[in-house]
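*Asks:*
In the UniProt record's numbering, the protein residues as written are 1 to 124.
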């Protein structure tokens, strides 16, 4: 094997910081923003310590109450809501980072999404 290979890449190491983790400590299963990558913390991580985030796979993540997110749509990660929304991306929100794999109704608190590494973009 090539001597410059590091690891498969489904999980990436990051340093927890409230500006990217939406909480201190970063809770296991919580969303972490790594530039244009949306990740999911694999363990609870204290602020300013290293942890692992999954950047691939299908996950159940928070969505804004009262909104419907349709299957096969690309929900927006809203910084202000710390949840997925179905429209109206604001500056700083992460778009195109995942695709909903089933419809989440208005009363649902979560939505199942497939992470799309490399496809995300920060709204300007």
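All C-beta atoms in this analysis are idealised placements derived from N, C-alpha and C, irrespective of residue type, glycine included. All values derive from a computational prediction rather than experimental measurement.
1. If I measure Cβ to Cβ from residue 78 and keep anything under 6 Å in the same chain, skipping five residues before and after, which residues do I get?
2. Where does residue 78 fall in DSSP's three states?
3. If you draw a straight line from the C-alpha of residue 43 to the C-alpha of residue 29, how long is it?
4. Ordered along the chain, which non-local residues of its own chain (more than five positions away) have a Cβ less than 8 Å from that of residue 48?
5. Which residues bound the beta strand (DSSP E) around residue 14?
6. Below 7 Å, is the gap between the Cβ of residue 88 and the nearest heavy atom of the ligand ADP?
7. Answer with buried or exposed for residue 72, where buried requires no fewer than 16 other C-beta atoms within 10 angstroms of its C-beta.
8. Pull up the DSSP beta-bridge partners for residue 6, would you.
9. DSSP three-state call for residue 68: helix, strand or coil?
10. Figure out for me which residue from 37, 123, 55 has the closest Cα to the Cα of residue 8.
11. Considering residue 52, what are the terminal residues of the beta strand (DSSP E) in which it resides?
12. Name the two residues that bound the continuous beta strand (DSSP E) containing residue 60.
*Replies:* Quick answer:
1. 85, 93
2. strand
3. 7 Å
4. 15, 16, 17
5. 11-15
6. Questions concerning the ligand ADP fall outside what the structure shown contains, since it holds no ligand whatsoever.
7. exposed
8. Per DSSP, none; premise fails for residue 6.
9. coil
10. 55
11. 50-54
12. 58-62
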